[in-house]
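> Residue numbers (the working numbering): 112 to 199.
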């Protein structure tokens, strides 16, 4: 739910209101009790992260032990063709 900014045209009081997008805009000023409240047009704040912080290393894949070649082999091990028997 977004936070909307309001200003009263009668007394100049400014305030913020946390309300649903479906709710009607507020009209009555809580300071002067008159119907002069107008919703301000804002650009929006975008995405805000609050807390201890987010770092690029938080979601980095963990690297496993390295193989001899320097890269991990994700394919099946190579199999050698069976030796043909000389009995044919």
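Note that beta-carbon positions come from the ideal geometry of N, C-alpha and C, so glycine has one too.
Please classify residue 119 as buried or exposed, where buried requires at least 16 neighbouring CB atoms within 10 angstroms.
Locating residue 119 in the chain shown gives position 8, where the first residue counts as 1. Buried.
> Just confirm the distance between the C-beta atoms of residue 127 and residue 135, as a whole number of angstroms; I'd bet it's less than 8 Å.
Walking along the chain shown from the start, residue 127 turns up at place 16. Walking along the chain shown from the start, residue 135 turns up at place 24. No, residue 127 and residue 135 are not in contact; Cβ-Cβ is about 17 Å, not under 8 Å.
> In terms of alpha-carbon separation, which member of 137, 142, 163, 113 lies closest to residue 149?
For the purposes of this step, residue 149 is identified with residue 38 of the chain shown, where counting begins at 1. Ranking the options by Cα distance to residue 149, first place goes to 137.
> Kindly indicate the opening and closing residues of the beta strand (DSSP E) around residue 149.
For this step, residue 149 is matched to residue 38 along the chain shown. From DSSP, the beta strand (DSSP E) with residue 149 extends over 148-150.
> Using alpha carbons as the reference points, say which of 163, 129, 122, 130 lies closest to residue 146.
Here the question's residue 146 lines up with position 35 in the chain shown. Checking every option, the nearest Cα to that of residue 146 belongs to 122.
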